[in-house]
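Using mature numbering (1 follows the signal peptide of the UniProt record, and there is no 0), the letters of the sequence shown map in sequence onto residues -33 to -1, 1 to 574.
Just so you know, even glycine gets a beta-carbon here, dropped at the ideal spot from N, CA and C.
In what follows, a single structure is set out as structure tokens and then discussed.
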Amino acid sequence: MRAVRNSWRRRAAALGATALVAAPVLATAPAQAQQPTVLRVALVQSIDHLNPFTASFASTAMIGRISWEFLTLASAEDNLPVPGLAESWTPSADGLTWTFKIRDAKWSDGKPLTARDAAFTFNRMMSDPAAREANGTFVEQFQAVTAPDDRTLTVTLKKPQASMTALDVPIVPEHIWSGVTDMASPETDTVAKVGVGSGPFTITEYQTNQLVKMKANEHYWRGAPKVDELHFVRFDNADAAVNALNNGEVDLINRLTATQFDSLKDKPGITTNKAVGRRYDELLINPGAQNFDRQPIGDGHPALKDVRVRKAIARAIDPATIIDKVLGGYGEAPGGIVPPVFKTYHYEPGPAEKYTFDLAAANAALDQAGYPKGADGVRVGPDGRRLELRLTGHATRDYDQRVVKYLSGWLGEIGIKVIEKLVSDNEVDESTSAGNYDLAISGWGTNPDPDYILAKQTCSVLPATAGSTSSNAFFCDPEYDRLYALQAAETDIPKRAEYAKQAQARYYDQAPSVVLDYKNALEAYRSDKFSSLTKQPVADGALMEQSGYWSFYGAVPAGEDAAAADSGGLPTGAWIAIGAGAVLLVVLIGVGVSRRGKAAGSDDDKE
């Protein structure tokens, strides 16, 4: 067990004062007003909602993380859980009751933050389907949540839940959100714009799908950031964002293409960062979209209900070409839906199970399944309908633009005609959420704890109505659900890992989607303006890919003392010393033993 390092507290204290950069003046000139330091972050993804209960895009989930604190966070040092709003946590012997001690903190408007705010947040999610849209899987096993007093939060579970130290749920102020009657209404964005939060920054301005401005929270319990303002600026495409970085109009950008990343290397005033990736790209294959009552929705091609067709499509895809030609080599070959960076829970199919690129085998499989080629080379199903499939992708993403060409060519080789549909981010989200697609390029950001991404594939996340689902694969399989439930309740890490791998193997075999690659995080920032941005994990991690939390909070303007902001969160040794001996076991249960992964905070992280 590592000892608590006093340096963390010194660093945290150093973060307490907001740093201002003064413009140089002549000795004889009157004093000039100090200008605020502003960190400007480029976004190439749409901003769908500010409402933390419904925000599904990675961009808005990232904004939510720094606006509303979680009970626990993940240390930038090693990604293990550290105190957030909860100072400590203790489970009962049977794992069915969890007691969180809520710290003495304030909301950004100066009002006390109490356990009742956390109880309100979880109870609203438990009672309101709309409030569960982004993070509902975390409360499915919650029986009751109460706040016996201002500092105590008690969660009673229906059955043990292994992810209790990785609840990726932003805690909101009851005095602001209790008046919201329709959580699904777009008008809730105006509630978020009020800007009352508990994180290091709070929202001050929102221009729909264009700009989010935030300011340092002077009441933040760790102390205010060294940056006064944080701006998120949306660009229509990555090229425009790269130009803005080159021109000094923005300071930080991620999700670069290989070409863009290579072009920024060694440029004066710019530092690049290549990190291990927690994201995967996938091809959704509509298996027959249905709602929670198992009624068909959407307009997916009926042939895709046939698992033999889905498997043939999987065998007609060459991930090696995608990684080499589209990602420029900055990626890893696919397997299960937990990326290999989280090796404890990653599933790697064996030779007999793996979908190897084999067009001849894919053609033969479709012939045997009863989908012969017509005179024009396009296959026809038993119902006489041609295999013409729409392939939906994001018009704003270079990745999608290039991958659709390869996919169209490969599928054409096996007698499937592809109709390419590159549309806006919102249109992709709307059509896939409603089941109105055949094939679609998507992707997710994952957590060190596997529960989040595995839960996205269960029958329980099927939508009550078309358009409300939090997972667009529409996968519903009793065997998968059985394996998911086993891993969710298992407290022994090796056993849990085995169940998680078995669940992924089942998903892989049924092919409601096909993982195309695990991409590296490619980022760049203006190092002439900011001398330090904290990586997560600090050794080889990303600046924004995992959540951006520690990078934004720990940003050090050029000329400032970088060491003062290098806390990266409370080191593991510190939280081990916080509670009873049971805490160590519980935390390990919650996140597994991966040491190179992402913060336990993903919200939806949908592409």
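- For Pro349, the closest alpha carbon among the candidates Leu333, Gly360, Thr359, Gly379 is that of Leu333.
- In the DSSP assignment, Pro153 is bridged to no other residue.
- In the three-state reduction of the DSSP assignment, Leu354 falls in the coil class.
- Between the segment 125 to 137 and the segment 402 to 421 there are three or more inter-stretch CB-CB distances shorter than 8 Å, so the stretches are counted as touching.
- Taking C-beta atoms under 8 Å as the contact rule, Asn18 and Asp156 qualify, at a distance of about 6 Å.
- Gly508 counts as buried, since at least 16 other C-beta atoms from the protein chains shown sit within 10 angstroms of its C-beta.
- Remark: C-beta atoms of Lys272 and Gly298 do not approach each other more closely than 8 Å.
- As for any alpha helix (DSSP H) of minimum length 4 sitting wholly inside the segment 225 to 288, the runs are 225 to 231, 274 to 282, ordered along the chain.
- Counted as a single uninterrupted DSSP element, the stretch harbouring Trp35 is not any beta strand (DSSP E), since DSSP gives it neither H nor E.
- For the pair Asn204 and Phe168, the Cα-to-Cα distance works out to about 26 Å.
- By a beta-carbon distance limit of 8 Å, Ile69 contacts Leu52. Their separation comes to about 6 Å.
- In this structure Asn393 touches Asp15 by the C-beta definition: roughly 7 Å separates them, less than 8 Å.
- Within the same chain, Cβ atoms closer than 8 Å to the Cβ of Gln477 are found at Pro254, Val274, Arg277, Phe442, Asp444, Tyr447, the five residues on either side in sequence being excluded.
- Our two residues, Ala464 and Gly351, have alpha carbons roughly 44 Å apart in a direct line.
- Around Gln12, the same chain offers Phe24, Ala25, Ser26, Asp392 as residues with beta carbons nearer than 7 Å, after the five sequence neighbours per side are excluded.
- For Thr501, the CB contacts under 6 Å within the same chain, skipping 5 residues up- and downstream, are Ala43, Trp517, Ser518, Gly521, Gly535 in chain order.
- Taking Ile304 as reference, the option from Ser409, Phe109, Lys182, Pro115 with the minimal CA-CA separation is Ser409.
- Beta-bridge pairing by DSSP links Ala111 to Thr123.
- Residue environment: Ala455 is assigned as buried (16 or more neighbouring CB atoms within 10 Å of its CB, all protein chains considered).
- The residue among Arg91, Gly382, Ala41 with its C-alpha nearest the C-alpha of Gly337 is Gly382.
- Between Thr4 and Val194, the CB-CB gap stays under 8 Å.
- Taking the C-beta atoms as reference points, Val163 is found no nearer than 8 Å to Trp65.
- Taking 8 Å as the upper bound for CB-CB distance, Ser165 and Leu80 are in contact here, some 6 Å apart.
- Taken atom to atom, the span from the alpha-carbon of Ala407 to that of Tyr247 is near 14 Å.
- Note on the segment 163 to 217: whole beta strand (DSSP E) runs with a minimum of 3 residues are 168 to 174, 178 to 183, 196 to 201, in chain order.
- In the displayed model, Glu141 falls within a helix according to three-state DSSP.
- The closest CA to that of Glu457, considering only Asp95, Thr425, Ser130, Val112, is found on Ser130.
- In terms of Cβ geometry, Asp495 and Trp377 do not form a close pair [threshold 8 Å].
- Judged by DSSP secondary structure, Trp56 falls within the beta strand (DSSP E) whose first and last residues are 53 to 58.
- Residue Asn213 holds the alpha-carbon nearest to the alpha-carbon of Asp233 among Phe67, Gln174, Val147, Asn213.
- Ser409 has Glu249 as its beta-bridge partners, per DSSP.
- DSSP, reduced to helix, strand and coil, places Ile386 within a strand of the structure shown.
- In the three-state scheme derived from DSSP, where H, G and I count as helix and E and B as strand, Glu397 is classed as helix.
- The closest CA to that of Glu397, considering only Phe67, Tyr312, Lys384, Gly265, is found on Gly265.
- Unbroken beta strand (DSSP E) stretches of 3 residues or longer found wholly inside the segment 466 to 525: 480 to 493, 497 to 499, given in chain order.
- Judged by their CB atoms, Tyr474 and Pro301 are not nearer to each other than the 8 Å cut-off.
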